[in-house]
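Using my numbering, the first residue of the sequence shown is number 667, and each one after it goes up by one. Heads up, the beta-carbon is just placed ideally off N, CA and C, and yes, glycines get one too. Written out below as structure tokens is the structure these notes cover.
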Amino acid sequence: MINTKCVDPEVDYRDPVSVLADLAAQLVSQAGGPEEGEESLTDADIREFEEFVMNLGWRALCKSAGVAETVSARVAWRLHCLGVLGSATNWHYIEGFLAPFAWPEEKIALMLSTPLSKFGEMSAEDVADQSYLVDARDAMFQQNGWLVLRVDPGCSTLDTQLGRVAAIVLAAKSDTEAAS
């Protein structure tokens with residue numbers, strides 16, 4: 667198991683580089699292999715560590731940008747790596763509905779899907795209500811002239827989906843700049 671306690675989450679990191687540097691130092695210190703009696707890292711341990719790195723990196727980015735930390739760290743981190751997070755707003759509000767990520771100048775909203783299997787013990791009626799709200803939210807954005815894109819953060823093709831989102835955002839930015 668990786669010791670995630672070596673990085674203090676209360677420290678006000680100025681940028682993601684300092685967070686990643688601390689985590690890299692920890693990883694290097696463990697790279698010599700497990701000590702006698704310890705097990706080597708499993709795939710689950712590695713995924714847990716990656717998620718931890720992304721969450722801390724996202725926290726640092728949020729603090730630096732002055733935005734909320736409540737959105738999907740995995741999606742935000744990938745959007746940052748694709749070069750489009752910096753121009754996005756976080757939790758954009760239109761007539762009572764929120765988009766987790768939005769590019770207001772281009773009128774593009776990115777929504778995060780939640781498969782029905784992730785609703786757990788919700789009743790069918792509650793799931794139907796949730797689906798209705800999602801449809802109403804998307805319709806409200808579309809009625810206001812927004813392009814609504816949807817990705818599933820739990821899907822194995824998330825990187826591909828976000829790559830297409832980034833391409834659309836960058837193309838729209840290019841069109842906006844050309845029109846000015």
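Does the segment 769-778 touch the segment 834-842, meaning 3 or more C-beta pairs lie closer than 8 Å? yes
Starting from Thr755, trace the beta strand (DSSP E) in both directions and tell me its first and last residue. Thr755 to Ile760
Under DSSP, the alpha helix (DSSP H) around Val835 begins and ends at which residues? Leu824 to Ala845
Would you call the CB atoms of Leu815 and Leu776 closer than 7 Å? yes
**Prompt:** Roughly how many angstroms lie between the CA atoms of Glu761 and Met806, to the nearest whole one?
**Reply:** 8 Å
ask   = From what residue to what residue does the beta strand (DSSP E) around Val817 run?
value = Leu813 to Val817
_Suppose contacts are defined by Cβ-Cβ distances below 7 Å. Is Ala768 in contact with His758 by that definition?_
yes
- [ ] Measure the Cβ-Cβ separation of Ser779 and Asp804 and say whether it is below 7 Å.
- [x] no
Quiz prompt | Straight-line gap, Gly811 to Val835 (C-alpha atoms, nearest Å) | solution = 15 Å
* Gln827 burial status per 10 Å Cβ neighbour count (16 or more: buried) -> buried
* Using beta-carbon positions only, say whether Ala845 and Val750 come within less than 7 Å of one another. => no
* Asked: Taking the continuous beta strand (DSSP E) assigned at Pro766, which residues delimit it?
  -> Phe763 to Trp769
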